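For the sequence shown, UniProt numbering assigns the number 1 to the initial residue and increments by one for each residue that follows. Report on the following structure.
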Amino acid sequence: MSPVDALVKLLDLAQVDDMTFQGVNPPAGRLRVFGGQVAAQALVAAGRTVDPSRTVHSLHGYFVRAGEESAPITYRVENIRDGRSFSVRRSVAEQDGRTIFFMSASFHRAEPGLDHADEMPTGLPGPDDVPTMAERLAPFPKLLEEWNRMPRAIDVRYLSGAGFASPGERPVEENQRAWLRVDGTLPDDPLVHACALTFCSDLTLLDAVLSRHGKVWGKGGFIGASLDHALWFHRPFRADEWFLYDCTSPSASGARGLARGRMFTEDGRLIATAVQEGLLRRVGG
């Protein structure tokens with residue numbers, strides 16, 4: 001099975017009853033389940049209970065406990081409201097009877113109205129003009145070996161420094177920017193693309209906090225965990241086409257850092273905005 005097919009399967013939850021779904025975890029060798037996966041699966045569960053004519057426009061979630069890779073995750077959906085234009089759902093992720101994540105998601109039937117957006121940053125190299133992850137990781141053989149062992153459904157290409165650099169070697173930068181896409185063709189279902197984008201939105205966002213200080217992940221740097229995550233979908237898109245993830249951090253204090261990111265298509269359309277707060281703790285060398 002290709003990595004992209006595995007991602008689609010990951011998002012294809014088993015239906016237990018009308019409002020309950022179950023997801024499995026890929027054997028990625030992590031100590032905990034990737035937060036973007038849990039958020040994406042929670043959105044799948046919520047979206048399955050909504051009229052397909054209504055697409056998700058926002059989600060707000062809290063990470064309560066670390067998920068264990070060895071156990072399936074049950075998603076219980078509550079129908080908060082179905083109005084004339086909007087549907088609201090609450091989706092709760094549980095493992096062994098304990099809540100590990102919960103989300104509120106709102107779906108809207110598109111209608112005409114005002115239209116404006118931030119402009120995409122100019123003068124940036126395109127995805128074909130920046131190094132691949134394999135090229136970025138070449139100076140770090142252990143990381144490259146680990147990366148080569150993992151299935152890679154998402155193509156990530158950093159425009160500048162990244163948190164896997166050695167301590168003291170990362171430049172201080174206000175923006176953490178990367179090109180991302182699902183590295184293959186997804187089904188045409190808009191919910192699948194929204195869930196795939198939700199998965200991607202947790203990959204590089206919190207690293208923007210470290211970027212402001214030139215700090216890195218791991219020994220001699222920091223360990224982190226997502227505390228909450230919010231995502232707004234602005235315009236139609238395909239997650240299997242390149243988008244620029246332009247991330248910044250307006251504040252860090254008390255071992256918590258806030259990061260926000262804007263997602264632009266290659267032709268400059270603003271398609272989504274993400275905000276996340278994370279816990280960041282210093283670790284020894």
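C-beta: ideal position from N, C-alpha, C; glycine also. Remember, predicted model here, so these are calculated numbers, not experimental data.
Within a Cβ cutoff of 6 Å, which residues of the same chain sit near residue i, ignoring the five residues on either side of it in sequence?
i: V104; result: Here residue 104 turns out to be Ser, not Val, going by the sequence shown. Only H60 and R90 meet the Cβ criterion.
i: V24; result: P72
i: L7; result: A153
Give me the Cβ distance between residue i and residue j, rounded to the nearest whole Å; I'm assuming they're in contact under 8 Å.
i: A194; j: T248; result: Wrong, their Cβ atoms sit about 23 Å apart, outside the cutoff.
i: D202; j: H229; result: 6 Å
i: E68; j: R32; result: 7 Å
i: Q41; j: L13; result: 6 Å
i: S211; j: G35; result: Rounded, the Cβ-Cβ distance is 19 Å, inconsistent with contact.
Output the distance between the C-alpha atoms of residue i and residue j, rounded to the nearest integer angstrom.
i: T20; j: V77; result: 6 Å
i: G214; j: R170; result: 5 Å
i: T99; j: R282; result: 27 Å
i: D267; j: G284; result: 43 Å
i: M120; j: A93; result: 35 Å
i: A46; j: P139; result: 42 Å
i: L111; j: G83; result: The sequence as given places Glu at residue 111; Leu does not occur at that position. When rounded, the distance between both Cα atoms is 14 Å.
i: T49; j: A259; result: 31 Å
i: L124; j: A252; result: 27 Å
i: F222; j: A165; result: 12 Å
i: L186; j: G218; result: 33 Å
For residue i, report the span of its alpha helix (DSSP H) as first-last.
i: R136; result: M133 to L137
i: residue 355; result: The structure shown does not extend to residue 355, since the chain spans only 1 to 285, so no value can be given for it.
i: S249; result: Here S249 belongs to no alpha helix (DSSP H); instead the beta strand (DSSP E) covers F243 to S253.
i: L10; result: P3 to L10
i: S211; result: D207 to S211
i: A105; result: A105 -> not in any alpha helix (DSSP H); beta strand (DSSP E) instead, spanning R98 to H108.
For residue i, I'd like the list of residues in its chain whose CB is within less than 7 Å of its CB, leaving aside the five on either flank, ordered along the chain.
i: A162; result: R136 and D207
i: A255; result: L279, L280 and R281
How is the beta strand (DSSP E) around residue i delimited, first residue to last?
i: H229; result: F222 to F233
i: G168; result: Careful: G168 lies outside any beta strand (DSSP E) and carries neither H nor E.
i: G214; result: That residue, G214, is in no beta strand (DSSP E); it is neither H nor E in DSSP.
Please classify residue i as buried or exposed, where buried requires at least 16 other C-beta atoms within 10 Å of its C-beta.
i: R181; result: buried
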